[in-house]
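Structure first, then comments.
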Amino acid sequence: MATAWPEKDDHELLALIQDGNGQAFATLVERHTERFYRLAYRYLQSKAAAEDVVQDAFLKLWENPALWQPERNSKFTTWFYRVVVNLCLDLRKRKAPVALDEDMPLIDDREPVDETMVKIQEQKALEREIAALPERQRMALNLCFDEGLSNQEAAAVMGVKLKALQSLVMRAKTTLKERMKAYL
Amino acid sequence: MSDNRDEKLDRMLRSRRYEGASADLTQRIILKAQALPQNNTVSLWSWIRQLCVEFHLPKPAYVLASALVLGMVIGFSMPLDMSPGAEDNSVSVQNFLSADEALL
Chain C
17 MATAWPEKDD
27 HELLALIQDG
37 NGQAFATLVE
47 RHTERFYRLA
57 YRYLQSKAAA
67 EDVVQDAFLK
77 LWENPALWQP
87 ERNSKFTTWF
97 YRVVVNLCLD
107 LRKRKAPVAL
117 DEDMPLIDDR
127 EPVDETMVKI
137 QEQKALEREI
147 AALPERQRMA
157 LNLCFDEGLS
167 NQEAAAVMGV
177 KLKALQSLVM
187 RAKTTLKERM
197 KAYL
Chain D
491 MSDNRDEKLD
501 RMLRSRRYEG
511 ASADLTQRII
521 LKAQALPQNN
531 TVSLWSWIRQ
541 LCVEFHLPKP
551 AYVLASALVL
561 GMVIGFSMPL
571 DMSPGAEDNS
581 VSVQNFLSAD
591 EALL
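Residue numbers (our numbering), protein chains in the order written: chain C, 17 to 200; chain D, 491 to 594.
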């Protein structure tokens, strides 16, 4: 019996996409859109821009399926994180970074909204300070903490050595610890 | 104290919130893809790379094979009368013959 679509792994789906299979593409998009959107959102701090980046990334893959070369990339997600990161960087180069608004809404579907004001203030302060970090430190932090990638994977996504990645995370955390002193 | 601060910062970093994507984002991507044709043309370079991958050979083997092919191309493209030593041989044969004539 043929394997159901959701049971196929990424590599199987990508091989089918390279043969022009739309169902395989749809399965891959449904499986990974949220995580790549989250990364793009963290980086761009804009829902619309993050959605555009994720859409562009997936459409590029569909139009040029030969971009994925299994012999050169061990894991689809690591490779695609890199694609998304590069698109985010391109977008940032074209548009000047936007400063975070003091009253930036922090909407989340994951938890109920009955939180204390202190926690909300804490979150806002943290987002502001993260947005003020240098670009690469912010990216390293997002990959390691939000996406839960191992240091090795995050280093591969950013195209840096493991030690460099660790140093970026360390510097980001040191800065945050200093600037978030009042909340820690 | 510092450990507590580290832990709290880690906890805060792991529980950051974000504005969720539109519910129809996935469908939008899939629908747009349906309207786009796939570009399946394979460039010469990627074809060569694919060929190399098919052979599963280590890199030194490719270097050796390339050097061999290059050597053969250069060797075959060189004209015969330009090959080293050909001129020397003809000169020495002439010398030999003229030396014989001198004796006669």
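Positions of the beta carbon are idealized from the N, C-alpha and C atoms, including for glycine. The structure presented is a predicted model; accordingly, all values stated were derived computationally and were not measured.
- Annotation: ASP514 (chain D) to ARG58 (chain C) spans about 20 Å, alpha carbon to alpha carbon.
- At least one CB of chain D lies nearer than 7 Å to the CB of THR49 (chain C).
- Shown here for LEU149 (chain C): same chain residues with a beta carbon closer than 6 Å to its own, the five before and five after excluded, namely ALA188 in chain order.
- Between GLU23 (chain C) and the set C:LYS109, C:ARG47, C:ILE33, the nearest pair of CA atoms involves C:ARG47.
- Put simply, the region 81-93 of chain C touches the region 29-38 of chain C. At least three CB pairs are less than 8 Å apart.
- Rounded to whole angstroms, the separation of the alpha carbons of GLN139 (chain C) and MET502 (chain D) is 8 Å.
- Under the three-state reduction of DSSP output, PRO86 (chain C) falls in the coil class, being neither helix nor strand.
- Note that the C-beta distance between PHE41 (chain C) and TRP78 (chain C) is below 7 Å.
- GLU138, GLN139, LEU142, GLU143, ILE146, LEU157: these are the residues of the region 136-157 of chain C whose beta carbon lies less than 9 Å from some beta carbon of chain D, given in chain order.
- Look at the region 73-104 of chain C: the residues with a C-beta under 7 Å from a C-beta of chain D are PHE74, LEU75, TRP78, GLU79, ASN80, PRO81, ALA82, GLU87.
- With at least 16 other beta carbons inside 10 angstroms of its own, GLN61 (chain C) counts as buried.
- One Cα belongs to ILE146 (chain C), the other to PHE92 (chain C), and the distance between them is close to 28 Å.
- Straight-line measurement puts the Cα of ARG495 (chain D) at about 55 Å from the Cα of ILE538 (chain D).
- Each of C:VAL134, C:ALA20, C:LEU30, C:LYS76 was checked against the Cα of VAL99 (chain C), and the nearest Cα belongs to C:LYS76.
- Annotated as distal: ALA198 (chain C) and LEU181 (chain C), with beta-carbon spacing of 7 Å or more.
- Within the region 36-71 of chain C, the complete alpha helix (DSSP H) segments of 4 residues or longer fall at 38-60, listed in chain order.
- Cβ-Cβ distances below 6 Å link LYS135 (chain C) to nothing in the same chain once the five nearest sequence neighbours on each side are left out.
- LEU165 (chain C) is classed as buried because its beta carbon has at least 16 other beta carbons within 10 Å across all chains shown.
- Among the residues facing chain C, MET502 (chain D) is included, as its CB has a counterpart in that chain under 7 Å away.
- Between the C-alpha atoms of ALA56 (chain C) and CYS542 (chain D) there is a straight-line separation of about 36 Å.
- Out of C:LYS111, C:GLU50, C:LEU142, the CA that lies nearest to the CA of SER512 (chain D) is found in C:GLU50.
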